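Counting from 11, one number per residue, gives the positions in the sequence shown under our numbering. Ideal Cβ positions, reconstructed from N, Cα and C, are used throughout, including at glycine. If you're wondering where the values come from, they're calculated on a predicted model, not measured in any experiment. Here's the structure, in structure tokens; my notes come after.
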Amino acid sequence: MQVENAHLNFKYFIQAIGRGQKTGRTLTQDEAFQAMKMLISGQATPEQQGAFLMLLRVREETAEEIAGFTLALREKNQPDLATWQVDLDLGCYAGKRRQLPWFVLSVMLLAQSGKRIFMHGTNEPDSNRLYLNTVLPQIGFELAESIDSAKSQLDCFGMTYLPLSLVNPRLDDLIQLRRLFGLRSCANTLARMLNPSAAPYSMQGVFHKHVDIRHQQAAHLIKSEDVLCFRGEGGEVEYNPERDVTLRFADQRGMHDLTLPAMQENWTTKQQQMHGQYLLDVWNGLTSDSYADNAVLGTLSLMLMLMNKVDWSQAYSQAYSLWHGRNKSWPFLKTAI
């Protein structure tokens with residue numbers, strides 16, 4: 011069957027990737043685009059969807075496949091989001107287990123500096139991780155219940171968060187299939203690359219080795235925004251000061267990498283207070299936490315490197331000034347207890 015006739019039966023794509031080591035193959039970017047369009051438009055049975063996603067899970071997706079899938083899913087984004095003039099898009103899908111989401115404080119600092127940040131995410135079934143839709147209300151940031159309320163938050167505070175169910179319901183459906191599979195699929199990677207706000211800059215955190223490289227390569231193929239991908243703490247868009255980190259950039263100059271050494275030598279234990287109140291305590295200066303300070307400063311520095319096109323030392327100097335000059339009584343923050 012020729013690929014241009016593949017819409018007649020989705021099994022063409024299952025056969026292509028599932029024949030085995032000798033005769034199986036990967037999909038081209040165009041094939042991946044067409045396969046995902048069929049899958050999300052109801053032209054694949056539930057059985058075919060499961061077989062396709064789990065075959066990819068076992069074999070792992072190529073950069074070309076990720077690029078094709080992403081472009082197909084971007085067509086299903088809520089269209090109003092692309093008109094919001096967002097500066098930085100953050101896909102927040104991992105959740106936290108060992109540390110609080112310190113990157114939220116970095117986002118707040120960036121918003122205070124005048125940038126507009128759009129965050130999106132979802133809760134995975136059967137996960138005990140701490141997600142943003144739990145943490146944000148704990149610091150006084152009400153969750154947007156509609157596209158309009160999220161736009162109002164963005165205009166008022168310079169930042170907002172929307173669940174994937176409002177941003178791209180079909181992709182959220184794919185992520186929720188974990189309830190049936192007991193495994194993640196490529197949907198989690200695609201959500202990070204979604205950029206529903208059409209921001210000129212996107213920062214993506216991943217957990218596993220080599221996934222950051224595929225993100226970088228896929229972003230280079232798509233060429234729609236400047237991307238920084240790295241292995242973040244817990245898989246989130248957060249700098250881990252205890253580990254060396256390689257930054258994977260894809261921008262107008264092409265693809266380039268930069269490795270930064272760990273900021274601190276001593277490893278911390280798992281965060282005991284997994285509650286947003288501790289974020290507030292650090293923000294308000296009521297609690298001294300060197301790990302938190304380094305995580306916030308490091309994450310903000312990465313954002314500034316991406317957006318301002320400066321080196322690490324310049325970005326860190328800018329981040330340091332923003333952190334120590336922050337407005338501790340920002341309008342939406344809860345009063346410290």
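Helix, strand or coil at residue 167 [DSSP, three-state]: helix
Three CB pairs or more closer than 8 Å across the segment 311-331 and the segment 207-225: yes
Coil, strand or helix - residue 273 by DSSP: coil
CB of residue 415 within 8 Å of CB of residue 340, strictly: Given that the chain is displayed from residue 11 to residue 347, the structure contains no residue 415 and the question cannot be resolved.
Expected contact under 8 Å - CB spacing of residue 261 and residue 222 to nearest Å: Contact flag wrong, Cβ pair sits at about 15 Å.
Whole beta strand (DSSP E) elements within the segment 75-103, 3-residue minimum: 98-102
For residue 346, the three-state DSSP class (helix, strand or coil): Any reading at residue 346 needs caution, since the residue's pLDDT is 41, under 50, leaving its predicted position unreliable; the model's value is listed next. Coil.
Cβ pair residue 86, residue 181 closer than 8 Å: yes
Minimum length 4: unbroken alpha helix (DSSP H) runs contained in the segment 151-228: 157-167, 174-177, 179-186, 188-191, 197-202
Per-residue DSSP class, three states only, for residue 309: helix
contact_flag[the segment 301-314, the segment 242-253] where n(CB pairs < 8 Å) is 3 or more: yes
Nearest candidate by alpha-carbon position, reference residue 267, set 275, 227, 292: 227
Identity of the residues DSSP links to residue 241 by a beta bridge: 216
Opening and closing residue of the beta strand (DSSP E) in which residue 296 lies: Element bounds for residue 296: n/a, residue is neither H nor E.
Chain-order list of residues whose beta-carbon lies under 7 Å from that of residue 322 (same chain, five-residue window excluded): 270, 311, 315
CB of residue 195 within 8 Å of CB of residue 204, strictly: no
Residue interval of the beta strand (DSSP E) (run including residue 256): 255-261
Where residue 37 sits in the DSSP three-state scheme: coil
Coarse secondary structure for residue 113, derived from DSSP in three states: helix
Residue 104 vs residue 217 beta-carbon contact at 8 Å: yes
Close Cβ partners of residue 59 (< 7 Å) along its chain, the five nearest in sequence each way excluded: 49
Alpha carbon of residue 189 to alpha carbon of residue 172, nearest angstrom: 22 Å
Simplified DSSP assignment, three categories, for residue 286: helix
Expected contact under 8 Å - CB spacing of residue 79 and residue 200 to nearest Å: 5 Å
Sequence-distant residues of its chain with Cβ nearer than 7 Å to residue 126 (five each side left out): 95, 96, 97, 164, 168
Beta carbon of residue 20 nearer than 8 Å to that of residue 37: no
Beta strand (DSSP E) segment containing residue 20, residue limits: Note, residue 20: premise wrong, no beta strand (DSSP E); not H, not E.
Residue 131, enclosing beta strand (DSSP E) - first and last residue: 127-131
For residue 146 and residue 153, believed in contact at Cβ under 8 Å, the rounded distance: 6 Å
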